[in-house]
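Asker:
Protein chains: 2
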Amino acid sequence: MAATYQNHRAQIEAILMGWGMPSETAEKTADVIAWADLHGIDSHGLSTMTMYHERWKQGRINMSAEPRIVKETPVSVLIDGDAGLGHSTSILAMESAISKAQISGMAIASVRNSAHFGACGYYTEMAAEADLIGLVTSTTSIIQVAPAGGTEARMGTEPISFSAPGIEGQPFLLDMATTTAAFGKVRNKFNEGLPTPNGWLVSRDGLPSTDPLEVMERGGSLTPLGGSPEGSYHKGYGLAVMVNILSACLSGSTLITSPMHMKQPHGQDISHFFMTIDPSIFRDIDDFRTDVATLCQTLRSTRPLDPSQPVMIAGDPERRHAKERWKNGIPVGKGLRDKIRAITLEHEIPWLLD
Amino acid sequence: MAATYQNHRAQIEAILMGWGMPSETAEKTADVIAWADLHGIDSHGLSTMTMYHERWKQGRINMSAEPRIVKETPVSVLIDGDAGLGHSTSILAMESAISKAQISGMAIASVRNSAHFGACGYYTEMAAEADLIGLVTSTTSIIQVAPAGGTEARMGTEPISFSAPGIEGQPFLLDMATTTAAFGKVRNKFNEGLPTPNGWLVSRDGLPSTDPLEVMERGGSLTPLGGSPEGSYHKGYGLAVMVNILSACLSGSTLITSPMHMKQPHGQDISHFFMTIDPSIFRDIDDFRTDVATLCQTLRSTRPLDPSQPVMIAGDPERRHAKERWKNGIPVGKGLRDKIRAITLEHEIPWLLD
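Read top to bottom, the protein sequences are chains A and B.
Numbering of the first sequence is given in my numbering, commencing with residue 26 and proceeding in unit increments.
Numbering of the second sequence is given in my numbering, commencing with residue 26 and proceeding in unit increments.
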């Protein structure tokens, strides 16, 4: 079963409004969540609604949050997310970073007192569409990654996204967890009854494993990108710390290593970092775009390992998904579908996915 | 044999001056190169002098380069390196990014028409010492990394360095190639007659290998961080493209994928990116430093896999080396020592390493 993008997005918006979110906020939030599903990033789409549902029922999400600006300069803005979901606050933050960079040349929006904000790539794509470079990082709620050389999970998947405008409609758009694999991909393997590839997980004793349950239930950890000491997983670990510094330390949010992580009296205090750079402070924007486009096109033309799988650049797989799903609809697996159906029944929300 | 840091540094400076570099430039350049050796980053220290020697003899390094500012705003500066070695130009660039961030809150120095600049960490440490966040990237001369899913090398090791001030004298200081391993580490394995660990290399057909010669002589490639498709090496590949966009596309330098890469009539046209952020545009700098320090200290206290190997944060291994080598001197292997001795004899330069 695959609903149209429009119905899929409308279902998300209807649920958010059913939970008491004002319509303007729900519109923006549904945009970000449905964008992830449209682009094949299923771990950050409709599937996150079940997590939001639980946290909202625990009183940990302020559905009528009104983000406010705490501090501002011509190149910076610090925003308090008022304990709401992160999506609409993050759109506000990236819009602010974009308009400041258009005047000052570069800018950062730092956000605290927020929550999960969906897929980072939605926000960096906003920057690319405004002819800017975008860099986004975010802290995470779930502690599931052990530092290189350690056995205890101390960090999350701590994502990084980077974009740059090139060919119209085809920005370079990197969006990556700093782990070998994102937790959502492990959960998806579990949901399908499959083992995880080598190098994704270690048990609670630090031993390699391919059983998703090691991380989901038995106290094991995801590996930082690199997967092992010989694979240089200290680099993935280092990038994860960088994300925490940019997101949490700059904004003054609860550190993921703090005993108060996810235990603040109100909300979750997740933090985000949104940076924009206007390339025209260095050179003509068209020359910059041409060079980015040339770089990407040359890389795409590399002789592939498998002739049926051309080399891609970051953003290509997601655009391919979006094109296909825009045409054929967004598939939702039975397990997730049943959970979403139950949520709509529980709160008397219209069902739009048939 | 281990010379004192002072003699080691003086030897480098003497050689640079013997090649015709003005003393002020040679002082700065020797500082950066000797910093790498002191901190155990042997691949970016004295060993690079043999490469500089070859390129200088080929007429590809302007020893009397005078970098000039091409374009400037309150948050940015574009610098032309005048085809010189990258080190002193990069000190100038980072000094400029630091002073601009101290006034404007953040800044970028973009450098084109430069060359190899040593270890990135030298420059990000400058930012941390000025109570700023630092981010540095650079393009590279040697094409030796295949894109994810490709068999032809199209990129270099494309390094990233990030720093943030925390405990006095112990900044978080990440300095990493975006490959599983840096080429210098492969070269060191070869020099020692050792194979490389699994996942570092692929042959020219894209098959995994542990023979350093696959990359050094037979047209094979280094792997992007992640090492394999299942290890998510598309992430290391994506980071490498990001480095090229920030360094080359922003500054308007020759793309590493261009047929003119390393073939410009003068110099090498390597490019760099130096960014600084003043955390005090968001919050009190002491609060920021305290949070960075707490984050690092908590990570260090993680239960280790090997009780004799405490968990570290980026910058710790290099500081440990620096402490030890400051006391006991900087060791130089016989192979490298002979090469450096030959250079001093060829150009009648004083020999200071006995």
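Backbone N, C-alpha and C define an ideal beta-carbon position, used for all residues, glycine too.
Looking at chain A, is there any beta carbon in it that lies within less than 8 angstroms of the beta carbon of isoleucine 40 of chain B?
Answerer: Isoleucine 40 of chain B does not count as touching chain A.
Asker: Determine, using beta carbons only, whether methionine 287 of chain A comes closer than 8 angstroms to chain B.
Answerer: No, methionine 287 of chain A lies away from the interface with chain B (no Cβ there is under 8 angstroms from its Cβ).
Asker: Enumerate in chain order the residues of its own chain whose CB-to-CB distance from methionine 241 of chain B is below 8 angstroms, with the five nearest sequence positions on each side excluded.
Answerer: Counting only Cβ-Cβ distances below 8 angstroms, and skipping sequence neighbours, we find Val211, Arg212 and Phe215.
Asker: Inspect the beta-carbon positions of proline 249 of chain A and alanine 173 of chain A and report whether they are closer than 8 angstroms.
Answerer: Cβ distance < 8 angstroms, so proline 249 of chain A and alanine 173 of chain A count as in contact.
Asker: By the 7 angstroms beta-carbon criterion, what residues does the stretch 72-85 of chain B contribute toward chain A?
Answerer: If the cut-off is 7 angstroms between Cβ atoms, the stretch 72-85 of chain B has nothing near chain A.
Asker: In the structure shown, what three-state DSSP assignment does phenylalanine 142 of chain A receive?
Answerer: Residue state, collapsed to three classes: coil.
Asker: Within 7 angstroms: the Cβ of histidine 112 of chain B and any heavy atom of the ligand GDP?
Answerer: Because no ligand of any kind appears in the structure shown, any question about the ligand GDP cannot be addressed here.
Asker: Alpha carbon to alpha carbon, how far is glycine 224 of chain B from glycine 354 of chain A?
Answerer: Their backbone Cα atoms lie some 39 angstroms apart in a straight line.
Asker: Can you pull the chain A residues whose beta carbon is under 7 angstroms from the beta carbon of serine 177 of chain B, in chain order?
Answerer: Sequence check: residue 177 of chain B is glutamate here, not serine. Under the 7 angstroms cutoff, chain A gives Thr327 and Arg328.
Asker: Can you check which of these residues, B:Asp316, B:Ile281 and B:Lys364, is closest to alanine 178 of chain B by C-alpha distance?
Answerer: Considering only alpha carbons, the answer is B:Ile281.
Asker: What are the residues of the stretch 218-244 of chain B that lie near chain A, defined by any Cβ-Cβ distance shorter than 7 angstroms?
Answerer: Against chain A - using a Cβ distance shorter than 7 angstroms - the residues of the stretch 218-244 of chain B are Pro222, Asn223, Gly224 and Gly231.
Asker: Suppose you measure from the CA of proline 222 of chain B to the CA of histidine 286 of chain B; what does that come to, to the nearest Å?
Answerer: Roughly 30 angstroms between the two C-alpha positions.
Asker: For a contact defined as C-beta to C-beta under 7 angstroms, what are the partners of serine 257 of chain A on chain B?
Answerer: Chain B residues near serine 257 of chain A: Thr205, Ala206 and Leu250.
Asker: Unbroken beta strand (DSSP E) runs of length 3 or more, entirely within the stretch 192-231 of chain A: which are they?
Answerer: Fully enclosed beta strand (DSSP E) runs of 3 or longer: 195-201.
Asker: Can you check which of these residues, A:Ser283, A:Asp56, A:Ser121 and A:Gly231, is closest to asparagine 32 of chain A by C-alpha distance?
Answerer: Ranking A:Ser283, A:Asp56, A:Ser121 and A:Gly231 by Cα distance to asparagine 32 of chain A puts A:Asp56 first.
Asker: Over the uninterrupted alpha helix (DSSP H) stretch that includes leucine 320 of chain B, give me the two end residues.
Answerer: 310-325 is the span of the alpha helix (DSSP H), which, as asked, contains leucine 320 of chain B.
Asker: Can you tell me where the alpha helix (DSSP H) holding lysine 125 of chain A begins and where it ends?
Answerer: It spans 111-129 - the alpha helix (DSSP H) in which lysine 125 of chain A sits, taken as one unbroken run.
Asker: Using a Cβ-Cβ distance under 8 angstroms, would isoleucine 338 of chain B count as near chain D?
Answerer: Absent from the structure: chain D. Protein chains present are A and B.
Asker: Below 8 angstroms, can you find three or more Cβ-Cβ pairs linking the stretch 69-85 of chain B to the stretch 116-136 of chain B?
Answerer: No: the two stretches stay apart, fewer than three of their Cβ pairs being nearer than 8 angstroms.
Asker: Check for me: the beta strand (DSSP E) holding histidine 33 of chain A runs from which residue to which?
Answerer: It is not in any beta strand (DSSP E) - histidine 33 of chain A instead sits in the alpha helix (DSSP H) that spans 30-43.
Asker: For the alpha helix (DSSP H) that glutamate 97 of chain A lies in, which residues bound it at each end?
Answerer: Segment 93-98 is the beta strand (DSSP E) holding glutamate 97 of chain A; no alpha helix (DSSP H) there.
Asker: What does the alpha-carbon distance come out to for the pair arginine 93 of chain A and threonine 327 of chain A?
Answerer: So the two alpha carbons sit approximately 47 angstroms from each other.
Asker: To the nearest angstrom, how far is it from the Cα of serine 228 of chain B to the Cα of phenylalanine 208 of chain B?
Answerer: Taking the straight line from one Cα to the other gives about 15 angstroms.
Asker: Could you give the residue range of the alpha helix (DSSP H) that holds threonine 54 of chain B?
Answerer: Unbroken alpha helix (DSSP H) run through threonine 54 of chain B: 48-63.
Asker: For valine 317 of chain B and isoleucine 270 of chain A, which I take to be in contact (beta-carbon distance under 8 angstroms), what is that distance rounded to the nearest angstrom?
Answerer: About 6 angstroms separates the two Cβ atoms, so the contact holds.
Asker: List, in chain order, every chain A residue whose beta-carbon is nearer than 9 angstroms to that of phenylalanine 215 of chain B.
Answerer: Correct list: empty, because the minimum Cβ distance to chain A is about 17 angstroms.
Asker: When DSSP labels each residue in this structure, what does leucine 103 of chain B get in the three-state scheme?
Answerer: DSSP places leucine 103 of chain B in strand when its eight states are reduced to three.
Asker: So with Cβ pairs under 8 angstroms, would you call leucine 199 of chain A a contact of chain B?
Answerer: Closer than 8 angstroms: yes.
Asker: Given glycine 130 of chain A, which residues of its chain have a CB within under 7 angstroms of its CB, disregarding the five upstream and five downstream residues?
Answerer: So the list reads Asp303 and Ile306, once near-sequence residues are dropped.
Asker: I want to verify the contact list: residues of chain A whose CB lies under 8 angstroms from the CB of cysteine 274 of chain B, in sequence order.
Answerer: Per Cβ cutoff of 8 angstroms: Ala189, Pro304, Phe313, Asp316, Val317 and Leu320.
Asker: Classify leucine 63 of chain B: buried if its beta carbon has 16 or more other beta carbons within 10 angstroms, exposed otherwise.
Answerer: Result: buried.
Asker: For valine 170 of chain B, which residues does DSSP report across the bridge?
Answerer: The partner list for valine 170 of chain B (beta bridge, DSSP) reads B:Met180 and B:Leu247.
Asker: Please tell me whether phenylalanine 299 of chain B has its Cβ less than 8 angstroms away from any Cβ of chain A.
Answerer: Answer no: the Cβ-Cβ gap between phenylalanine 299 of chain B and chain A never drops below 8 angstroms.
Asker: Using 10 angstroms around the beta-carbon of tryptophan 376 of chain B, count the other beta-carbons present and answer buried if the total reaches 16, otherwise exposed.
Answerer: It counts as exposed.
Asker: Which bits of chain A does isoleucine 133 of chain B rub up against, with CB to CB less than 9 angstroms?
Answerer: Residues of chain A passing the Cβ test: Gly130, Met131, Ile302, Ile306 and Phe307.
Asker: From threonine 165 of chain A to alanine 59 of chain A, what does the alpha carbon distance come to, in whole angstroms?
Answerer: Looking at the two C-alpha atoms, the distance is approximately 20 angstroms.
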